[in-house]
Ligand code: PMP
Ligand code: GLN
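Okay, here's the thing in C-alpha cells:
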C-alpha cells in the first residue's frame, strides 16, 4: 500500500458491522435503514432493467435524472442549474467528494474540514496529496458548533477548499444561517472553493430546515454541491449521487470521475429520477418517523446513563460516555458487544485530534422501533 494511504486501514464502518455480525449484536453503528425505500421507486428500478436500461449511460448521467435534480434544486432552494453541463451523476456522494477533491486540489494545497468528519474526507484529501486542516466542532448549549476565529485561523494562503457537511455526520448539527454566513464570507474573502456534502438534506427535525451554502450571495459560483439518493430514499446500497456546480467545476470533476468509474449504474438512475419527482411525500413521512426514532433512542440512551446531544438532523445521536464511568469510546465500542450486545461507532476516529472526541460514541436511530427498544434494554446493563 502506498505511503499516503497507510494510515487508513479498514473503515470503522466495516470493522464495526463485521463485529456486529460476528457477535450477533444489534448494529447501531453503520448508518443504514432496516426498512426499504418507497415501493414504487423500487419497482421503477426493476422495470428499468426489464426495459433495457442495462448498458453504459451517458458520462454525465442519465438525462432524466439530471433534469430531476435540476427541478429539485430549483423547487427546494431556488438554485438554478443547467442539466447540460452543471450536473454530474456519480457513484454515491463518496465518489463525488473524492472526484471533487482530486479535480480541484493540487498536491500540497490545504483543505479545511470540520472535525469530527466523515471518514472519506481525510482519505480523499490524502489521495490527492493535499493536506487536511481540521477545525473542531465543540458542544455549546447542547449542540456542536465551531468558533469563527478558529475557522479563520485555519485558512492559510495554501488553502484551496473547504469541505462543509450539513446536516452533519456524526454530530447531528444543522448549520444555522449565521454559521453558514461566516463560512460563506470566508470563502469569498479568501477565494476558496466550497465542497458541500448535503446527503442528509431532507433528514432534519424540530422544524429546522437545511440551507445550502450555495444559496448565499456569491456562493453558487464557487460551490460544488453534493448529495445522493441513499439517505433521502433509504437506498444506501444504490450508491447514486450527484454534483451540481458551475460548468467549469463540473467539467473538472467529470474529467476525474470518468477515470474512476466512467459512469454510475444505469437502472438506479432511472428509478431515482422517479423518486425525486414523485416520492417527496414519502420522504416527508420518513423524516417524521426518524424524528420519533431520534426521540426514542435519545430517551433510551439517557435512561441507560449516557449524556446525549439532541441532533437536528441525520441518522445519529452523539453521546458522552463519561457519566457511565467510561473514558475511551474506542475501547468501549470494541467491548460493547460483550458488555451489552450492541455495536456503536467511536466518534474519536473522525478526529485529527482524537483526544478531543475520546469520550463521544455515536448511535444510529434509522432502525425499526423494536430494534431501538431492544438495544436500549441491553444498554441498560451498562449502569
Ligand atoms: N457523506 C456523509 C456525511 C455520509 O454520512 C455518507 C454515508 N452515506 C456519505 C457521504 C456517502 O454517501 P453515499 O453512500 O451516497 O456515497
Ligand atoms: N454514512 C454511513 C455512516 O456514517 C455509512 C457509511 C459507510 O459505511 N461508509 O455510518
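Numbering (full-length UniProt numbering), first residue to last: 5 to 387. In this text, a Cβ means the ideal position worked out from N, Cα and C, and glycines have one as well. All figures in this text were calculated on a predicted structure; none of them were measured in a lab.
- Sequence-distant Cβ neighbours of residue 344 in its own chain, meaning closer than 7 Å and more than five residues away, are 382, 383, 385, 386.
- Nearest neighbour of residue 177 by Cα position, chosen from 189, 190, 144, 188, turns out to be 144.
- Two segments are said to touch when three or more pairs of C-beta atoms, one from each, lie closer than 8 Å; by this definition the region 208-217 touches the region 308-320.
- Within the region 40-101, the runs of beta strand (DSSP E) that reach at least 3 residues and sit entirely inside it are, in chain order, 91-94.
- Taking each of 95, 330, 42 in turn and checking the Cα distance to residue 257, the smallest one comes out for 95.
- Our two residues, residue 128 and residue 102, have alpha carbons roughly 5 Å apart in a direct line.
- Between residue 97 and residue 232, the gap from beta carbon to beta carbon is short of 7 Å.
- Spanning the alpha carbons of residue 346 and residue 8 requires a straight line of approximately 33 Å.
- Contiguous alpha helix (DSSP H) elements confined to the region 139-223 occur at 152-158, 181-193, taking only those with 4 or more residues.
- Annotation for residue 61: 267, 270, 273 place their beta carbon closer than 7 Å to its own, counting only its chain and skipping 5 residues before and after.
- It is roughly 28 Å from the alpha-carbon of residue 23 to the alpha-carbon of residue 295.
- In this structure, the beta-carbon distance from residue 350 to residue 340 does not fall below 7 Å.
- Counting the other CB atoms within 10 Å of its CB gives residue 19 a total of 16 or more, which places it among the buried residues.
- Taking 6 Å as the cut-off, the C-beta of residue 173 counts as close to a heavy atom of the ligand GLN.
- Membership of residue 304 in the alpha helix (DSSP H) is indicated by the continuous run 284-307.
- With distances taken between CA atoms, residue 226 lies nearest to 248 out of 141, 248, 372.
- The beta-carbon separation of residue 189 and residue 237, rounded to 34 Å, does not stay under the 8 Å limit for a contact.
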